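Numbering (this note's numbering), first residue to last: 98 to 143.
Right, one structure below, let's go through it.
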Amino acid sequence: MDTFVYRAGEQTGAWSYPLPTWVGFRLTGICFLAAPLAAGWCALSL
98 MDTFVYRAGE
108 QTGAWSYPLP
118 TWVGFRLTGI
128 CFLAAPLAAG
138 WCALSL
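This is the structure:
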(Lines of atoms letter the chains of each structure in order from A and count residues from 1; the text may use other names and numbers.)
(Lines give C-alpha, C1' and ligand atoms only; values in the text may rest on other atoms or scores of the structure.)
Protein backbone atom coordinates (compact mmCIF):
# COMPACT_ATOMS: atom_id res chain seq x y z
CA MET A 1 0.00 0.00 0.00
CA ASP A 2 2.81 2.39 0.89
CA THR A 3 4.50 1.80 -2.46
CA PHE A 4 1.25 2.44 -4.34
CA VAL A 5 0.67 5.78 -2.59
CA TYR A 6 4.30 6.80 -3.10
CA ARG A 7 4.25 5.95 -6.81
CA ALA A 8 0.86 7.62 -7.30
CA GLY A 9 2.31 10.79 -5.78
CA GLU A 10 5.27 10.63 -8.13
CA GLN A 11 2.97 10.19 -11.12
CA THR A 12 0.82 13.11 -10.05
CA GLY A 13 3.92 15.27 -9.75
CA ALA A 14 5.15 14.12 -13.14
CA TRP A 15 1.87 15.16 -14.80
CA SER A 16 1.49 18.43 -12.89
CA TYR A 17 3.07 20.42 -15.73
CA PRO A 18 2.44 18.46 -18.98
CA LEU A 19 -1.30 17.97 -18.42
CA PRO A 20 -2.22 21.69 -18.06
CA THR A 21 -0.05 22.59 -21.06
CA TRP A 22 -1.77 19.85 -23.09
CA VAL A 23 -5.15 21.41 -22.18
CA GLY A 24 -3.88 24.79 -23.38
CA PHE A 25 -2.55 26.57 -20.31
CA ARG A 26 0.84 28.20 -20.51
CA LEU A 27 3.15 28.72 -17.54
CA THR A 28 1.40 31.99 -16.61
CA GLY A 29 -1.99 30.30 -16.52
CA ILE A 30 -0.64 27.48 -14.39
CA CYS A 31 0.76 30.04 -11.94
CA PHE A 32 -2.60 31.81 -11.70
CA LEU A 33 -4.22 28.47 -10.86
CA ALA A 34 -1.50 27.37 -8.44
CA ALA A 35 -1.30 30.59 -6.39
CA PRO A 36 -4.85 30.40 -4.92
CA LEU A 37 -4.37 26.69 -4.31
CA ALA A 38 -1.17 27.36 -2.37
CA ALA A 39 -2.87 30.16 -0.43
CA GLY A 40 -5.66 27.78 0.52
CA TRP A 41 -3.15 25.20 1.75
CA CYS A 42 -1.41 27.88 3.82
CA ALA A 43 -4.73 28.99 5.34
CA LEU A 44 -5.63 25.39 6.09
CA SER A 45 -2.35 24.85 7.93
CA LEU A 46 -3.07 27.65 10.39
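Note that the Cβ used here is the ideal one computed from N, Cα and C, for glycine as well.
None of the values given here were measured: they were computed from a predicted structure.
query, result
"Proximity below 7 angstroms, CB of Pro115 to CB of Ile127", "no"
"Three-state secondary structure assigned by DSSP to Tyr114", "coil"
"Boundaries (first-last residue) of the alpha helix (DSSP H) holding Gly126", "124-142"
"Reduced DSSP category for Gly121 - H, G, I as helix; E, B as strand; rest coil", "coil"
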